[in-house]
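A.B. asks: I'd like to ask you about the structure that follows.
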Amino acid sequence: MNDLSIEQRQFLLSSIRDINDFPKPGIIFKDITTLLNNSEAFTLLMDHLEAKYRNYNLDYIAGIDSRGFIFGAALAIKLGIGFVPIRKKGKLPSTTICEKYELEYGFDEVEIHIDAFDSKVGARVLMIDDLCATGGTAVAASKLVIDTKAELVEVCFLMNLTFLNGKEKIEKIAPVYSVLDI
Ligand code: AMP
38 MNDLSIEQRQ
48 FLLSSIRDIN
58 DFPKPGIIFK
68 DITTLLNNSE
78 AFTLLMDHLE
88 AKYRNYNLDY
98 IAGIDSRGFI
108 FGAALAIKLG
118 IGFVPIRKKG
128 KLPSTTICEK
138 YELEYGFDEV
148 EIHIDAFDSK
158 VGARVLMIDD
168 LCATGGTAVA
178 ASKLVIDTKA
188 ELVEVCFLMN
198 LTFLNGKEKI
208 EKIAPVYSVL
218 DI
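Note that this note's numbering has the sequence shown beginning at 38, numbered continuously upward.
Here's what the structure looks like:
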């Protein structure tokens with residue numbers, strides 16, 4: 038794996054914009070659109086992930102709705118493997134399985150097609166999203182991957198908000214890698 042230098046991590050971090058009080062007061066939203074439109078930053082990130090996961094013998098990348106689709110699809114192409122979307126409820130057209138999880142106020146649900154990994158038992162899957170906050174979304178999505186009888190090899194985030202301890206919840210299910218710990 039090609040480890041990122043401190044300077045490279047700093048460069049990636051500086052390419053992500055903080056938006057205060059979005060989508061509600063008190064939240065600092067990590068805006069990745071400024072990383073995506075910076076070809077040097079986007080390429081550095083994707084080259085790093087490709088080098089890290091090249092020898093994991095993966096069969097699929099699963100991306101979490103919606104920013105996980107961007108990094109997940111780009112990585113799947115680089116690794117020459119398939120991509121599977123894990124979506125918010127009601128968006129997938131065929132037969133799905135569903136997992137409910139708790140938000141600060143209320144609940145949300147994520148879904149996957151039941152045959153998403155071509156019903157291949159033990160398919161080696163890397164799941165990816167842009168950011169781990171409380172970890173609730175990724176825990177629910179991890180359960181979906183496992184329920185399809187695939188093997189969840191690792192969960193990967195661009196950013197982990199360490200003060201919310203979400204990573205520790207996911208680590209009870211699968212190994213977790215975060216490019217930037219914030
Ligand atoms: P959680 O389930 O609490 O770990 O939240 C993770 C999901 O919410 C991810 O899909 C993130 O894209 C999004 N999210 C949560 N907090 C933030 C934040 N501060 N900035 C950007 N996205 C966030």
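Just so it is clear, CB atoms sit at the ideal spot from N, CA and C, and this is done for glycine as well. Note that the structure is a prediction, hence the values are computed from the model and not measured.
1) Apart from the five residues on each side of it in sequence, which residues of its chain come closer than 6 Å, Cβ to Cβ, to residue 108?
2) Quick one: grab the DSSP three-state call for residue 220.
3) For the beta strand (DSSP E) that residue 144 lies in, which residues bound it at each end?
4) Any idea if residue 200 is buried or exposed, counting beta-carbon neighbours within 10 angstroms, 16 or more meaning buried?
5) Between residue 123 and residue 178, which are expected to be in contact by the criterion C-beta below 8 Å, what is the C-beta distance as a whole number of angstroms?
6) Can you tell me the Cα-Cα spacing of residue 84 and residue 116, whole angstroms?
7) Applying the 10 Å Cβ sphere with the 16-neighbour rule, what's the burial state of residue 162?
8) Does the ligand AMP have a heavy atom nearer than 7 Å to the CB of residue 169?
9) Would you call the region 42-50 and the region 69-82 in contact, with 3 or more CB pairs under 8 Å?
10) Could you name the residues of the same chain whose beta carbon sits closer than 6 Å to that of residue 144, not counting the 5 residues immediately before and after it, in chain order?
11) Among 148, 191, 214, 76, which one has its Cα closest to the Cα of residue 184?
12) Within the continuous beta strand (DSSP E) that includes residue 137, where are the two ends?
13) Identify the continuous beta strand (DSSP E) that holds residue 215 and give its terminal residues.
C.D. replies: Reading it off the structure:
1) 165
2) Nothing can be reported for residue 220, as the shown portion of the chain is limited to 38 through 219.
3) 144-150
4) exposed
5) 5 Å
6) 11 Å
7) buried
8) yes
9) yes
10) 137
11) 148
12) 133-139
13) 213-218
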